[in-house]
Structure formats: C-alpha cells, structure tokens
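Going from the sequence shown to the working numbering is simple: count from 1 and add 175.
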Amino acid sequence: MTDLEFSNVFLENMGVLIPGTLKFDGTSAVFKSDKKIVKVQVSDIKGIRWQKLGNKPGIRFALQDGSSQRMGGFKDSDFEKVNSFTDSNWNVRIVQSDLFIKGWNYGHAEVKGKNILFSSEKQPLFEIPCTNVSQCVANKNEAILEFHQNENIPVSLMEMRLYMPVDPEMEDETDKVEEFKKAVLAYAGLEAETEQPITLLTDILCTTPRGRYDIKVYPTSIALHGKTYDYKIPVKSINRLFLVPHKDGRHVYFVLSLNPPIRQGQTRYSYLVFEFVKEDDQEMEITLTDELEEKYGNNLKRDLDGPLYENVSILFKVVCNLKVTVPGRFIGNSGTPAIQCNHKQNPGLLYPMEKGFLFIHKPVMYIRFEEISSCHFARSDAGTVTRTFDFEVDLKNGSSLMFNTMEKEENAKLFDYLNKKDIKIRNSTRIDNKKNDVDSSDEEHDPYKATVTAEGRGKDNSDDDESTDEDYDLDKDLKKQKVDRDSSEGSGSEPDDEYDSGSEEDASGTGESEPDEENSGNKKKKSEKTKKSREPMKPKLGKNGKEKKEKKVKDPLEPKRATTAYFLWFQANRLSFKEDGDTVADVAKKGGAKWKEMGSDDKKEWEEKAAKDKARYEAEMKEYKKNGGGSSSASTSAKPAKKAPTSSPTKYKSKEHISDSDDSDSDEEPKKAKKKPSREATPSDDSDENDIASANSDDDSD
176 MTDLEFSNVF LENMGVLIPG TLKFDGTSAV FKSDKKIVKV QVSDIKGIRW
226 QKLGNKPGIR FALQDGSSQR MGGFKDSDFE KVNSFTDSNW NVRIVQSDLF
276 IKGWNYGHAE VKGKNILFSS EKQPLFEIPC TNVSQCVANK NEAILEFHQN
326 ENIPVSLMEM RLYMPVDPEM EDETDKVEEF KKAVLAYAGL EAETEQPITL
376 LTDILCTTPR GRYDIKVYPT SIALHGKTYD YKIPVKSINR LFLVPHKDGR
426 HVYFVLSLNP PIRQGQTRYS YLVFEFVKED DQEMEITLTD ELEEKYGNNL
476 KRDLDGPLYE NVSILFKVVC NLKVTVPGRF IGNSGTPAIQ CNHKQNPGLL
526 YPMEKGFLFI HKPVMYIRFE EISSCHFARS DAGTVTRTFD FEVDLKNGSS
576 LMFNTMEKEE NAKLFDYLNK KDIKIRNSTR IDNKKNDVDS SDEEHDPYKA
626 TVTAEGRGKD NSDDDESTDE DYDLDKDLKK QKVDRDSSEG SGSEPDDEYD
676 SGSEEDASGT GESEPDEENS GNKKKKSEKT KKSREPMKPK LGKNGKEKKE
726 KKVKDPLEPK RATTAYFLWF QANRLSFKED GDTVADVAKK GGAKWKEMGS
776 DDKKEWEEKA AKDKARYEAE MKEYKKNGGG SSSASTSAKP AKKAPTSSPT
826 KYKSKEHISD SDDSDSDEEP KKAKKKPSRE ATPSDDSDEN DIASANSDDD
876 SD
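Structural data, given as structure tokens:
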C-alpha cells in the first residue's frame with residue numbers, strides 16, 4: 176500500500192483557507208500546515224463527499240459526532256485517485272455532491288449533525304458549522320444568526336436572517352423558529368439564558384474592558400452582564416489562563432486570552448483581565464448535574480471555600496480544560512515577579528514567565544519566547560547616571576516593542592533571566608547594582624543639564640567686560656579712606672570733600688556759639704548725615720545670599736580651548752534632529768541619546784578631529800605662555816572697586832547738604848549770610864583747626 180499525498184491543499188476554518196498538505200495513509204488522513212494540524216481517523220468517518228470548496232474541487236469528511244472537516248484545492252482528475260484509495264484501503268466510497276447554484280433565495284434550512292444545511296429541491300445550497308455561530312435569536316417568524324468574526328480575513332459573514340412562515344391551516348404545528356434556535360444553540364456550544372448556570376459571580380471588577388460585571392458560567396460559554404455592555408464568550412475561544420500577583424502584594428490579576436477577541440464598538444479585546452483583592456474570601460456554590468459530575472469528575476467540588484481568586488481560577492481551569500499559568504522563579508527588585516514600566520506612555524507591569532512575557536495592561540499582551548529574536552537594554556551603560564533604563568524586545572516578524580522607565584536595579588536580574596532562557600541580548604553587558612550612601616537632598620547629576628550649562632557659560636564669557644558685575648572689596652576701601660585722612664592731616668591742605676563750615680556758628684556770623692535747642696537739633700541731624708555719608712558701601716550679594724565672586728576677564732589673545740568629539744559631532748548634526756518647538760534642553764537630550772547609541776566606528780571620525788584640535792590647542796597655548804601670556808591677566812582680571820567718599824571735611828557746603836539738613840525756619844538766614852559774606856563772619860584759623868581736628872577724631876572713632 177502506497178500513501179497518497181497532495182500539496183497546495185487548503186483547509187476551511189471559519190472562513191479562512193489555510194494552505195498545507197494532505198496525506199492519506201492506511202488508518203487516517205492528516206492535514207499539516209504551519210498554523211494547524213488536523214488528523215481524521217478512519218474509525219471516526221461517517222461518510223465522504225466530493226464537492227466544490229472555494230470554486231475548486233474539494234472533499235468533505237462527515238464525522239460520527241456530527242461535525243465535519245472540509246478541504247479543497249484538488250484537481251478534477253484527483254477524484255479517481257482518492258476514490259480508489261479510500262475504497263481499497265478504508266472500504267469507504269466517495270459520493271459526488273453537486274451544489275445548487277441557481278441563486279434562489281428560498282429553500283429549506285435544518286440542523287444536520289453540527290452543521291446548518293441549506294438546500295433547495297433536495298440539493299444542498301451551502302452549509303455553515305454550528306460552531307461558527309456566536310448567537311441565535313428568535314423573533315416571531317424570523318431567526319437571527321450572528322457569527323464569530325475572524326481577524327485573519329478582510330471580509331467575514333457577520334449576520335444572517337431566516338424567515339420561516341407559519342401555515343395558518345395547521346393549528347397544532349410547533350414553533351419552527353424556536354425549535355431551530357434550540358437546535359443551533361445546542362450544537363453551537365451556547366446555552367439559552369433561561370438555563371441554569373454552573374455558578375454566578377456578582378460585582379466582579381474587570382480592568383479590561385473596564386467595568387464591573389456579573390458573570391454567569393455555563394458548561395460551554397461565559398456570559399458577562401454589565402451596566403452598559405453584555406458579552407457571551409464560548410469556552411472554546413479561551414486558549415490561555417494566567418494568574419499573576421500585583422506589585423503591591425494586595426491584589427491579584429486573573430487573565431483570559433481570547434481568540435477570536437470580543438468587540439466593543441470598533442475596539443477589540445483579546446484579553447479579559449479580572450482584578451481580585453487577595454484577602455477577599457468568599458464561599459462559592461457550584462451547581463452540577465449528573466452529566467457534569469461525570470464530565471468533570473473529582474476536579475470540581477460543589478462547594479469551594481477560600482480566597483475568591485483561587486476559587487475562580489479552579490473553576491475556569493476545570494470548565495475550560497486548560498492549565499493556569501503562574502509566574503516562574505523570577506523575582507524582581509520589589510520582591511515580586513512584576514517589573515514596573517511604561518509602554519507607549521501607558522504604565523503597567525511586565526511579568527517574565529517561563530515561556531514568555533506578560534504585560535498588564537493597555538494593551539494587554541503575551542509575548543512568547545519563540546517569537547523573540549533578540550532583546551536590548553537601552554540607556555543602561557555603566558557610565559550613565561540615570562535611575563532607569565529601557566527594555567526593547569525585537570520580534571522575528573521585524574517589529575519591536577519598547578518598555579520604558581524600568582528601575583536600574585532590575586537590570587541585573589532581568590539580564591540573568593534572559594541568559595537562562597537562552598535569549599539573545601544585543602548589548603551583552605551585565606550592570607551590577609551599586610548602592611551609594613548619598614544624601615537624599617543631593618541632586619542627581621544630569622549630563623544633558625551639564626551640556627546646557629556649559630553652553631550658557633560660553634555665552635557669559637563672550638560678553639563685554641562692562642556688562643559684568645563686580646564685587647565690592649570692603650577691606651580695601653577702608654584702608655584707602657584711612658590713607659586719605661592721614662595724608663590730609665599731614666599736608667594741611669584743604670580736603671577734597673565738602674562740609675558745612677557754618678554748622679557750629681550762629682546765624683549772625685559772630686563766631687560765638689549759643690546753646691540753642693533748635694541749633695543743637697540741627698547739629699545732631701547734620702552729624703547723622705555725615706556719619707551716613709562716611710559709611711562704606713556694602714558688598715553686592717547674589718541670589719543665594721552669599722557674596723558674589725569676582726569674574727575673571729578673559730584675555731582675547733588666549734587660544735581657544737580644544738573641543739571634544741561629542742561637541743564637534745553635535746555642532747555638525749544639530750539641525751538634523753532638531754524639531755519645531757524643541758528647546759535647547761530638548762535638542763541636547765536628543766543629541767546625547769543619539770551619541771550613546773552610536774558605535775565606536777561611527778565615533779572614530781569625530782574622535783580623530785578632536786585629537787587634532789587638542790594638539791592645536793596645546794601648541795598655541797605653549798606659544799602663548801612663551802610670549803608672557805597669562806601672567807598679567809590675573810592682575811587685571813578684576814576692576815578696581817569704586818572709590819567711596821571720604822569723611823574729611825571742607826570749608827564749603829554743597830546745595831544737597833543745605834536742602835537736606837537745614838530746617839525750613841532757618842533757611843532764610845543762612846541764605847542771606849551766604850549772599851552777603853562779611854569779614855567778621857569768617858571763622859578764624861584756630862576755629863578751622865579745631866573743626867578739622869574734631870572731624871578727624873570722629874573718623875577715628877568710627
């Protein structure tokens with residue numbers, strides 16, 4: 176017996192034609208493709224029909240359980256080969272069945288096995304598997320069929336309405352629409368809402384899609400009832416179950432993976448995420464019939480006690496006949512298997528599992544290791560001082576996923592985890608965690624901020640000398656004042672500063688002072704004014720309250736400093752990554768990130784230019800110092816402080832002192848005295864010497 180094999184054959188699965196190969200052997204027919212493998216045993220075959228599928232000859236296997244498998248892509252000449260093989264080896268003959276393709280829109284609909292068969296004049300029109308039906312609604316004389324949507328095809332059948340008229344002459348006739356509905360729901364794996372569910376879960380928090388739902392669990396479906404939306408999910412569409420703890424240690428996530436996904440408007444949800452409180456205990460009663468007890472065995476008890484999340488996971492595990500996947504041995508820096516991160520600005524938790532990565536949430540995704548080509552730790556170099564890093568996952572289909580702002584303490588543990596799973600890492604360098612005892616008040620060093628600060632300093636140094644503020648030297652000014660007083664006493668010449676020569680004389684100009692209260696008050700005011708004028712100038716303070724330091728004046732002949740490789744590259748490529756609206760800090764940040772991503776070969780050109788510039792600077796600096804440059808710049812770096820007014824008196828009184836110090840009552844007499852000076856009003860030499868001496872003594876005491 177020779178096996179029979181056909182290539183370029185396709186399998187029909189919910190409207191999708193999956194290409195593959197079909198092989199006939201002595202006991203079975205096996206279809207193989209990259210996505211699916213279907214094996215049909217000879218003992219399970221009820222009948223075989225040869226009919227068209229997708230405008231090409233095909234074969235239909237009717238099975239004992241009422242289901243069917245359809246394959247197409249044959250040639251007309253292949254019928255004899257297949258028929259002779261099945262007749263001689265399986266003792267089953269293939270029946271040719273021609274489809275009725277006249278295009279009529281009426282006929283007969285019935286549920287035959289697990290398929291809905293439409294026929295006309297006893298010839299089949301088409302058939303639809305009941306498993307493709309998502310809902311069936313009876314509305315008077317009309318049956319409405321809704322179908323599951325397949326994401327892998329551009330066009331799919333969503334709804335079909337069948338009108339079933341009632342014959343008025345037959346009074347005892349049963350309701351055809353209701354009977355049709357029950358038959359479809361029974362074979363479609365759906366139950367009517369009037370049937371008793373296994374259990375009812377009330378007010379369950381669902382984070383995806385967001386809301387609180389009442390969940391009815393049936394043997395073949397799960398119904399979610401919310402305030403706005405209702406969902407009915409077949410059990411067969413659930414392909415994975417996950418149970419993972421939250422990072423806070425107080426909540427637990429229970430995740431259901433769906434294929435095909437459920438829809439809410441234009442939004443599709445491939446995962447359902449339920450959130451439970453870890454300490455929430457609740458008794459759960461399970462309604463089991465004799466048939467269900469025989470089906471589930473001892474795996475499901477009638478009463479479940481303990482935490483609610485454990486009871487729900489056990490229930491779904493038994494009903495869906497799936498394993499519940501939990502985190503493996505990976506423990507992050509927080510002491511939990513969760514890593515805090517962001518995906519496209521959406522915060523979430525990344526769980527390294529035994530066979531993939533699970534991210535919760537927005538969007539929820541499960542990345543299997545077999546789909547990953549390599550991983551990359553971005554911004555994780557030992558030279559950087561950032562507290563976070565980025566984790567990039569490259570997929571075999573050419574796309575990539577980026578998870579941002581992971582704590583740097585997670586780097587080493589995630590690195591070791593990927594090595595154990597034999598996953599390729601592009602930058603294979605492990606970063607050890609070094610905890611430095613740094614005061615919390617210290618600011619973190621930011622390289623981009625330092626770049627901006629350096630640019631600002633360069634602009635400050637290029638300004639004119641007159642634009643810089645100079646600090647006041649107090650000690651230097653006091654010494655200068657003392658030297659001026661000593662020189663004025665020794666020379667006997669008139670001092671430069673002005674003072675009131677008539678401050679101690681009466682208005683009549685006789686030279687004799689009288690103890691007048693008004694004059695004594697004026698004297699006190701004048702002495703206070705004089706003391707204030709002799710007070711030294713206070714030094715200028717900065718924003719932080721400290722005294723400003725002197726800024727050195729840059730020598731225009733001094734050679735220009737050497738430029739680093741990074742700044743040479745940054746100046747040449749700055750406009751390439753600058754966008755509209757970017758600030759200086761944004762451009763510097765982008766430049767620093769791109770410079771770090773560059774390889775050593777790309778940096779080589781700029782490092783050579785930097786080396787040449789450094790050699791140029793050293794040569795020019797040597798010549799500059801040889802010619803005496805740099806020695807005089809220190810002495811002329813700071814401007815001399817402004818000269819403070821001395822306190823030595825003069826014979827003349829300025830107009831300012833007259834208007835500020837004299838009272839309004841005595842204004843007229845000094846003015847008259849000033850207009851008509853007499854020889855008698857002129858003070859004697861002795862009085863002048865006494866006045867000068869008293870002024871000097873006041874200065875010394877100050």
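Note that CB positions come from ideal geometry on N, CA and C, so glycine has one too.
- A direct Cα-Cα distance of roughly 24 Å separates THR196 from GLU546.
- Here TYR741 carries a helix assignment [DSSP, helix/strand/coil].
- If you draw a straight line from the Cα of LEU479 to the Cα of SER263, it comes to about 56 Å.
- Shown here, LYS769 sits in a helix according to DSSP, grouped into three states.
- A buried status is given to ILE514, since no fewer than 16 other beta-carbon atoms sit within 10 Å of its beta-carbon.
- ARG543 is the residue among ARG543, TYR428 and ALA625 whose C-alpha sits nearest the C-alpha of LEU593.
- The segment 743–756 makes no contact with the segment 524–537; the number of CB pairs closer than 8 Å stays below 3.
- Here DSSP, grouped into helix, strand and coil, assigns ARG336 to strand.
- Judged by DSSP in its simplified three-state form, LYS250 adopts coil rather than helix or strand.
- One alpha carbon belongs to PRO420, the other to ARG443, and they sit about 25 Å apart.
- According to DSSP, residue pairing for PHE544 in a beta bridge does not occur.
- By the Cβ criterion, the segment 436–453 is in contact with the segment 480–488, since at least three pairs of Cβ atoms, one from each stretch, lie closer than 8 Å.
- By the Cβ criterion, the segment 283–295 is not in contact with the segment 398–406, since fewer than three pairs of Cβ atoms, one from each stretch, lie closer than 8 Å.
- For the pair SER203 and LYS210, the CB atoms are not nearer than the 8 Å cut-off.
- Spanning the alpha carbons of GLN457 and VAL359 requires a straight line of approximately 36 Å.
- Boundaries of the beta strand (DSSP E) harbouring VAL568: 563–570, taken from the DSSP string.
- Unbroken alpha helix (DSSP H) stretches of 4 residues or longer found wholly inside the segment 222–310: 253–264, given in chain order.
- By the neighbour-count definition (other C-beta atoms within 10 Å, threshold 16), PHE236 is a buried residue.
- A Cβ-Cβ separation of about 6 Å places VAL392 in contact with LEU490 under the 8 Å criterion.
- Relative to THR739, the option among LYS789, LEU732 and PHE752 whose CA is nearest is LYS789.
- With a cutoff of 8 Å on beta-carbon distance, TRP781 and LEU743 are scored as near each other.
- Cβ contact annotation for ILE598 (same chain, cutoff 7 Å, sequence separation greater than five): PHE544, ILE547 and CYS550, in chain order.
- In the pairwise beta carbon analysis, the segment 498–518 is classified as touching the segment 409–428: at least three pairs are separated by under 8 Å.
- Sequence-distant Cβ neighbours of TYR338 in its own chain, meaning closer than 7 Å and more than five residues away, are ASN316 and GLU317.
- Distance from the Cα of THR561 is smallest, within the candidate group PRO731, SER751 and ALA768, for ALA768.
- Taken through DSSP and simplified to helix, strand or coil, VAL487 comes out as helix.
- With a beta-carbon spacing of about 6 Å, THR261 and ILE223 fall inside the 8 Å limit used to define contacts.
- Counting other Cβ atoms within 10 Å of its Cβ, ILE212 stays below 16 and is therefore classed as exposed.
- As DSSP reads the structure, ILE319 sits in a beta bridge with VAL312 and ARG336.
- Nearest neighbour of LEU732 by Cα position, chosen from ILE303, ALA785, LYS797 and LYS596, turns out to be LYS797.
- A direct Cα-to-Cα measurement between ILE373 and THR462 gives close to 5 Å.
- For ARG749, the three-state secondary structure derived from DSSP is helix.
- Nearest in C-alpha terms to ASP389, of all of ASP405, THR383 and THR382, is ASP405.
- Annotation: GLY507 to PHE564 spans about 15 Å, alpha carbon to alpha carbon.
- Here LYS476 carries a coil assignment [DSSP, helix/strand/coil].
- Its Cα nearest to that of ASP240, the residue TYR362 stands out among ASN496, PRO522, LEU589 and TYR362.
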